[in-house]
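A.B. asks:
Residue numbers (our numbering): -14 to 268.
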């Protein structure tokens, strides 16, 4: 089982150089000091919200956690100094190891569910320069958890444009903005996305976007997708648009529906057959 500790901070520091600190709630005295070492502390509300750091030491008597360096902002903005209004969570740390080493390391945060397992992995910063032929391996740091279970957790990474990508299975709801007297309060979550615009979105279901069409396909045509043994029928062609020159793009309704495991990668060759015959034998 993974560990997640949260509460209202008593105080904190944010030095220009050296190691920052955060004084945890006074009720943290039930957790052994060794269980905090290597974990990530996130400020989730109040002063200095949106920044995080990795704990390198913890003083059981004073409840002061010392970080490995300074605070890091999730948004890249200037960091602030936590105080008694700051709400925090302490969660397992995720580290990635890759050979060859990336140009910039990715930053991934682990969200722990109410069942004390991995709810989802959030890519805070995708990093750069990961080798598509040698995806990184992941390590979960949580001294208070069963270490054999952590070693058994071995997710696979898909690398595109030199960065790890991920799939969200359930966005959930009721995201908290912070904590008031130990109780989470519902609010609105706002995300800012920056990068080159890459998104690895599989085309599944009854519709496919197809580009570089030499002309608009006809309803009833057979559609063959390279690498897929299933023959698809064009049910309807929606929104065919000439994109310039002699090619166009269209949203095509198909039958049967496209399954996740059969979804074609970007740039897969597609062929349409409009003239075909069938033979009916009776006896």
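All C-beta atoms in this analysis are idealised placements derived from N, C-alpha and C, irrespective of residue type, glycine included.
Residue 57: which of 35, 256, 114 sits nearest, CA to CA?
C.D. replies: For the residues 35, 256, 114, the minimum Cα distance to residue 57 belongs to 35.
A.B. asks: Would you list the residues sitting across from residue 216 in a DSSP beta bridge?
C.D. replies: Answer by DSSP bridge pairing, in chain order: 209.
A.B. asks: Going straight from the alpha carbon of residue 205 to that of residue 187, what length do you get?
C.D. replies: In a straight line, the C-alpha of residue 205 is about 24 Å away from that of residue 187.
A.B. asks: Do the CB positions of residue 39 and residue 94 come within less than 9 Å of each other?
C.D. replies: No, these two residues do not count as a Cβ contact at 9 Å.
A.B. asks: Quick check: residue -3 and residue 12, are their CB atoms within less than 9 Å of each other?
C.D. replies: No, these two residues do not count as a Cβ contact at 9 Å.
A.B. asks: Hey, residue 72 and residue 5: beta-carbon distance below 9 Å or not?
C.D. replies: Contact flag unset, no.
A.B. asks: With C-beta atoms as the reference, is residue 76 less than 9 Å away from residue 135?
C.D. replies: Not closer than 9 Å, so no.
A.B. asks: What separation, rounded to the nearest whole angstrom, lies between the Cα atoms of residue 15 and residue 21?
C.D. replies: The alpha-carbon atoms of residue 15 and residue 21 are separated by roughly 12 Å.
A.B. asks: Cα separation between residue 145 and residue 69?
C.D. replies: Residue 145 and residue 69: Cα-Cα distance of roughly 42 Å.
A.B. asks: DSSP state of residue 227, grouped into three classes?
C.D. replies: Residue state, collapsed to three classes: strand.
A.B. asks: Select from 0, 83, 241 the residue whose C-alpha is nearest the C-alpha of residue 143.
C.D. replies: For the residues 0, 83, 241, the minimum Cα distance to residue 143 belongs to 83.
A.B. asks: Is the beta carbon of residue 125 sitting closer than 9 Å to the one on residue 112?
C.D. replies: Result no, Cβ atoms of residue 125 and residue 112 do not sit closer than 9 Å.
A.B. asks: Do residue 202 and residue 222 have their C-beta atoms closer together than 9 Å?
C.D. replies: Yes. Within cutoff.
A.B. asks: Taking the alpha-carbon positions, what's the residue 18 to residue 87 distance?
C.D. replies: Going from the Cα of residue 18 to the Cα of residue 87 covers about 33 Å.
A.B. asks: From residue 141 to residue 119, what distance separates their C-alpha atoms?
C.D. replies: The alpha-carbon atoms of residue 141 and residue 119 are separated by roughly 11 Å.
A.B. asks: Would you identify the three-state DSSP class for residue 134, choosing helix, strand or coil?
C.D. replies: Correct three-state label for residue 134: helix.
A.B. asks: Looking at C-alpha atoms only, which residue of 200, 130, 220, 137 is the closest neighbour of residue 191?
C.D. replies: Closest option to residue 191, Cα to Cα, is 220.
A.B. asks: Roughly how many angstroms lie between the CA atoms of residue 28 and residue 193, to the nearest whole one?
C.D. replies: Each residue's Cα considered, the two are about 42 Å apart.
A.B. asks: Could you compute how far the alpha carbon of residue 98 sits from the alpha carbon of residue 243?
C.D. replies: About 32 Å.
A.B. asks: Please classify residue 246: does DSSP put it in a helix, a strand, or coil?
C.D. replies: Residue state, collapsed to three classes: helix.
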